[in-house]
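Trainee: Can you keep this structure in mind? I'll have questions shortly.
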Amino acid sequence: MASPVEISVAATGKKLTVPTGLFINNEFVPSVDSQEKIHCVNPATEETLCSVVADPTEPRTATFVGSRALNSVRMRAEWAGSELARRAAILARRSGSAKDIDVAVAAARKAFATTWGKNVTGLERSRLLNKLADLMERDAQQLAELESLNNGKPVKIARDFDIGDSVACLRYYAGFADKIVGQTIEVDNKTKVAFTRHDPIGVCGQIIPWNYPIQMWAWKVAPALACGCTIVMKPSEFTPLTALKLSELIVEAGFPPGVVNTIPSLGSVGGAALSSHMDVDKVAFTGSTVTGRKIMEAAAKSNIKKVSLELGGKSPQLIFESADLEEASKWAALGILYNTGQDCTAGSRVYVQESVYDAFLEKLVEKANALTIGHGFDEKSGGGPVVSKVQYDKIWSYIESGKQEGAKCILGGEKRSGKGYFVDPTIFTDVKPDMKIVKDEIFGPVLSVGRFKTEEEGIKLANDTSYGLGAGLHSNDASQCMRVSQALEAGTVWVNQYNLLYNNVPFGGKKQSGIGRELGSYALEEYTSVKAIHWNYGEKLDWPL
Amino acid sequence: MPQTFEYTFDTPVYKGKTSFSTGLYINGQWVDGSKGTTIDVINPTNGQLVTKISEGTKEDVDLAVVAAQKTFDTVWGLNTPGTRRAELLNNLGNLMQAHFDELAALEALDNGKTFGWAQDVDVTDSIATIKYYAGWADKIQGKTIETTAGKLVYTRHEPIGVVGQIIPWNFPLMMMAWKIGPALATGNCIILKPSEFTPLTAIRMSHLIQEAGFPPGVVNIIPGYGTTVGAAISEHPHIDKVAFTGSTLVGRKIMEAAARTNLKNVTLELGGKSPNIIFDDADIDQAVRFTSHGIFWNHGQACCAGSRIYVHAKVYDEFLTKFTDKAKSLKVGDPFGLDTYQGPQVSQIQFDRIMSYIDSGRQQGATLHLGGERHGSEGYFIKPTIFTDTKPDMRIVQEEIFGPVGVVIRFEDDDDVINQANDTMYGLAAAVFSKNIDRALQVAHKLKAGTAWVNCINQLHPQVPFGGFKQSGIGRELGEYALENYTAVKAVHVNFSLSVK
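For the record, the sequence lines run as chains A and B.
In terms of full-length UniProt numbering, the first sequence opens at residue 1 and continues consecutively.
In terms of full-length UniProt numbering, the second sequence opens at residue 1 and continues consecutively.
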């Protein structure tokens, strides 16, 4: 057994315990062979949040005490020059290796063949998923704090949105577990019948991103378990802590060993191993288009495993002259600033009809300014820092490129002094279609605002992208809403709203934003394989033909 | 003030206490009936009074409908999201689980079925049904439908409104779960009438419904007689739908009342005279066990009871011998006894009715092969009964007896047995036993019944629809199908580019 680590949170005066190691067969175990380390960093302070040992010979706990800085989650490095510092150097999280993936896949395969899959009733799967939801709800505050520490997002948002929606997602799919139905199909009523069974696919690799670590976990785990699949989950190397914490709840809920396995690992190691594994039947990925392409290639080269991909976006929002500009400006601000822009559906291109351009822009700037980006434990914060140094640098390089390519930065664009990966709301105007900030997914709070004259032009600008994840339109003309919502090339179109998702409404991308759909009854298709059974009870075969 | 029912169970299989108000449950309150009268609840094991409960009337139905409509318009129906309805139904399921033995004991006391069967089937399946429909509550979907490029057409599956539900005495709790599960999942308000013979679990459930957090007026429970409360529900101008499980005779009256008044939607789950066909290539030992379960389970008081047992001539003697032995081995007695299989029939009326059918079988010339008489000296017990040498037009072959009375009929030809099996006005269920799956499926597909069991009988699952062909009913309960009983489909046409010239 690998041991848990304890984190004291100054802002709450409480301690969080995080399990360490890899989660396989309902136990936390050390890596088979890896010496790779993953450091979990608090993006609000740039300090190592915690390091965890996966080796049983190391000390069993390490306690890090947070500073008492008001409204912050500053995890002061108390280890400097101390015994703890010496340990911390050793106690970095060891990343799961390809061999660990093999072990986890074998565990998942065994569970699928013996205690899960077709060996358990839908009613039982439903019961366990409901139980898991209850446990997640019970631990919501604790999970939210951990999510905030690791990801940077405000605790209240993690608790009320990420976790609130995740609990509902688990319950929604709990309800589907005993409603997996096939069809019976008329063939020849005198002699034959055909029917379909929607069997669980088998062992599923699930690779989730760092922007919504808990919620993406729930979106992946819930339908897979409802259908009877087993899982090898790879959380992001930036935000593995809550997935490990949730693994504890998997045990407590009573899932049999091997049904859910969690391997924190780098994408190039664990992610690659899962994608190319010969005994993984399906891989589901949420993340960048670049990585999604690699996963699909690996699936093609190995065992033609089924693939579902939920990838990037450069989602447009069209603001028409009849729109309620006050409301539209709020939705537009939410679209680009929610989760500090680290959202695959971020409405990062806003196109405004010329007649209302100035009026809208004024309101938009006012709304963007009203949002406080700050520390996650600060009640005033509506957004936190971006997740990592890598991401921070990437966003700033885009901001610089925007300036260099001649766009006008009318809000933000100035770095803060001090620690933390904070990026303030940034708005560019006077953009051109071929600028990098208009074409590329930035994944930060950086908005490009363009203008259009006619509906036709607006639609053309909106669709001028390789992506097709989300799109929004704001108009009080019902006919226009209908026309434009049909014309926009995206898996989700929001009319007079933006970025709101519901567990019973499917979500996914057109074009290069992905393959397949998550959420709703549609997600069940991603985790079942249809078997057609042809049954002859009356036809005699004439032979030879 | 309604009486509080207090009872201590001190039996070999269950010891425990129960205590609850026996009032009508209207708008979240337990109240006396408008006439202040009561109904005697009788223990079928000994004919003794168990308790008195408040008797509902037409006036009480009126009050409940007003409350239900107000609730529907303000806090239920389209005002409550599916996730909340799911949460409440799951709460109810969990509370039933917490009161599992108490509910089973009440059912055994009131209905006469054994405590063990009440546990294993009635309460277990009721909880599973409630939780199954909890899962549907946030999955109510319409469709979008392609018409022309200039239009958007979509359907909404809206709750019907205030629905009446009239349930029988043979599976009091389970029939309640079958009725309220889909109705609540889809957002309806309910006026439920349990049978006057077996109201206790429904009344107990009213307390659990309250505790689960359903707003007042969502579920109203009015015990009473069919001719008063049942008729009031069926005729009520502001009840939009009535669902009934019971006899074909009463079902017809309900449908007539609905037709006469406000054309309310009707679903009916009625009687049956279900055939059970044993072919010469069946696994005879298994067929015997299932057949026994088919006709004697719940003392034959099951609408899908396999009461016409057709046995192929080649195995007739072997089957009859084994079936007779099996029937003889079934222990009849106290529902709370350690190894009792069969308890008393539910009521004196039912006892008399069954005994009159047994007399008619004798008089019409059938051979009384086994049983045919009362068991013991008190209560409504009837020994497992088998008739042979029947003719197709005998009453015991044609009519639903609803008791532990099976007729065993010899056949030789497959087509002939299909004709005989279908020679009934009913079409609820049918069973086929054969190891030749070609033969079994061919026959199963030709039987005119809403449920066909192959090499089993009397199996139900919350996910699988159940209902009748012919005069066994209208509509389907359970499964996704039941949602249709409680939703009204609205097609919305939105024009966004067509102009009228």
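From the three backbone atoms N, C-alpha and C, an ideal C-beta is built for every residue, glycine too.
Owing to the predicted nature of the structure, the values given are computational and were not obtained by experimental measurement.
Going straight from the alpha carbon of A:N71 to that of A:E379, what length do you get?
Mentor: Since pLDDT at A:N71 reaches only 26, below the 50 mark, its modelled position is unreliable, and no value is offered.
Trainee: Taking DSSP's pairing of strands, which residues face B:T201 in a bridge?
Mentor: Per DSSP, none; premise fails for B:T201.
Trainee: Please report how far the alpha carbon of A:D33 lies from the alpha carbon of A:V260, in whole angstroms.
Mentor: Taking the straight line joining both Cα atoms gives about 21 Å.
Trainee: Any beta-carbon of chain B closer than 8 Å to the one on A:S166?
Mentor: With 8 Å as the cut-off, A:S166 does not count as an interface residue toward chain B.
Trainee: Would a C-beta distance cut-off of 8 Å place A:G271 and A:I207 closer than the cut-off?
Mentor: It is a contact, given that the beta carbons lie within the stated cut-off.
Trainee: At a Cβ threshold of 8 Å, is B:N90 touching chain A?
Mentor: Output row for B:N90: interface = yes.
Trainee: Rounded to whole angstroms, how far is the Cβ of B:P194 from the Cβ of B:P172, which I believe are closer than 8 Å?
Mentor: Correct: roughly 6 Å between the Cβ atoms.
Trainee: Please state whether the Cβ-Cβ distance between A:P19 and A:K245 is less than 8 Å.
Mentor: Yes, they are a contact pair.
Trainee: Output needed for A:L129: all residues of its chain with C-beta closer than 7 Å, excluding positions within five of it in sequence on either side, in chain order.
Mentor: Correct list, in chain order: L170, Y173, A174, A177, A222, L225 and A226.
Trainee: Can you tell me whether B:I145 is buried or exposed? The criterion is at least 16 other CB atoms within 10 Å of its CB, across all chains shown.
Mentor: It counts as exposed.
Trainee: Between B:G116 and B:P44, is the Cβ-Cβ spacing less than 8 Å?
Mentor: No, the Cβ-Cβ distance between B:G116 and B:P44 is not below 8 Å.
Trainee: Please report the distance separating the alpha-carbon of A:I410 from that of A:H375.
Mentor: Distance between the alpha carbons of A:I410 and A:H375 is about 25 Å.
Trainee: Establish whether the CB of B:Y132 and some CB of chain A are separated by less than 8 Å.
Mentor: Cβ-Cβ to chain A under 8 Å: yes for B:Y132.
Trainee: Is A:Q342 helix, strand or coil when you go by DSSP?
Mentor: Of the three classes helix, strand and coil, the one that applies to A:Q342 here is coil, per DSSP.
Trainee: Count the other C-beta atoms from every protein chain shown that fall within 10 angstroms of the C-beta of A:H277, then say buried if there are 16 or more, exposed otherwise.
Mentor: Buried.
Trainee: Return the Cβ separation of A:N150 and A:T239 in integer angstroms, given the expectation that the two are a contact with Cβ distance under 8 Å.
Mentor: A:N150 to A:T239, Cβ: 5 Å. Contact.
Trainee: From B:T324 to B:K331, what distance separates their C-alpha atoms?
Mentor: Each residue's Cα considered, the two are about 13 Å apart.
Trainee: Alpha carbon to alpha carbon, how far is B:L428 from B:D317? Give it in angstroms, no decimals.
Mentor: Cα to Cα, the separation comes out at about 28 Å.
Trainee: With a CB to CB cut of under 6 Å and the five nearest residues on each side skipped, what residues in its chain are close to B:K241?
Mentor: Once the five neighbours on either side are set aside, the close Cβ partners of B:K241 are I160, V163, K264 and N265.
Trainee: Within a Cβ cutoff of 8 Å, which residues of the same chain sit near B:A232, ignoring the five residues on either side of it in sequence?
Mentor: Answer for B:A232: T57, K58, V61 and D62, listed in chain order.
Trainee: With a cut-off of 8 Å on the beta carbons, I'd call A:V203 and A:V280 a contact; round off their distance for me.
Mentor: Confirmed, Cβ separation roughly 5 Å.
Trainee: Quick one, which residues of the stretch 451-483 of chain B are near chain A if we go by CB-CB under 8 Å, in chain order?
Mentor: Within the stretch 451-483 of chain B, the residues whose Cβ lies closer than 8 Å to some Cβ of chain A are P462, Q463 and E480, listed in chain order.
Trainee: With distance defined between alpha-carbon atoms, name the residue in B:W30, B:L109, B:K70 and B:V50 nearest to B:V13.
Mentor: Answer by Cα proximity: B:L109.
Trainee: Check whether the stretch 138-155 of chain A touches the stretch 279-295 of chain A, counting contact only when three or more Cβ pairs, one atom from each stretch, lie closer than 8 Å.
Mentor: The stretch 138-155 of chain A is not in contact with the stretch 279-295 of chain A.
Trainee: Report the neighbours of A:A224 on chain B: residues whose CB is nearer than 7 Å to its CB, in chain order.
Mentor: The contacting residues do not exist; A:A224 stays about 17 Å from chain B at best.
Trainee: Got a sec? Which residues, its chain only, sit under 6 Å from A:G117 by beta carbon, not counting five neighbours each side?
Mentor: Excluding residues within five positions, the ones whose Cβ falls inside 6 Å are P200 and G228.
Trainee: Given that a residue counts as buried once 16 or more other Cβ atoms are within 10 Å of its Cβ, and exposed if not, what is B:P344?
Mentor: With 16 or more other Cβ atoms within 10 Å, it is buried.
Trainee: Is residue 629 of chain A close to chain B? Criterion is C-beta to C-beta, closer than 8 Å.
Mentor: It is not possible to answer for residue 629 of chain A, since the shown part of chain A is limited to 1 through 545.
Trainee: Using a Cβ-Cβ distance under 8 Å, would A:R197 count as near chain B?
Mentor: So, not an interface residue.
Trainee: Would you kindly check if the distance between the Cβ of A:P264 and the Cβ of A:L22 is under 8 Å?
Mentor: Yes, these two residues count as a Cβ contact at 8 Å.
Trainee: In chain order, what residues of the stretch 176-191 of chain A put their CB closer than 8 Å to some CB of chain B?
Mentor: Result list: F176, A177, D178, K179, V181 and N189.
Trainee: Listing by chain order, which chain A residues have their CB less than 9 Å from the CB of B:L441?
Mentor: Correct list: V193, W535, Y537 and G538.
Trainee: When DSSP labels each residue in this structure, what does A:A532 get in the three-state scheme?
Mentor: It is a strand residue.
Trainee: Going along the stretch 474-504 of chain A in order, which residues come within less than 7 Å of chain B, judged by CB to CB distance?
Mentor: Residues A478, S479, M482, R483 and N504.
Trainee: Is the stretch 477-494 of chain A in contact with the stretch 455-463 of chain A, if contact means three or more CB pairs nearer than 8 Å?
Mentor: Counting Cβ pairs under 8 Å, three or more are found: they touch.
Trainee: Is B:W30 helix, strand or coil when you go by DSSP?
Mentor: Strand at B:W30.
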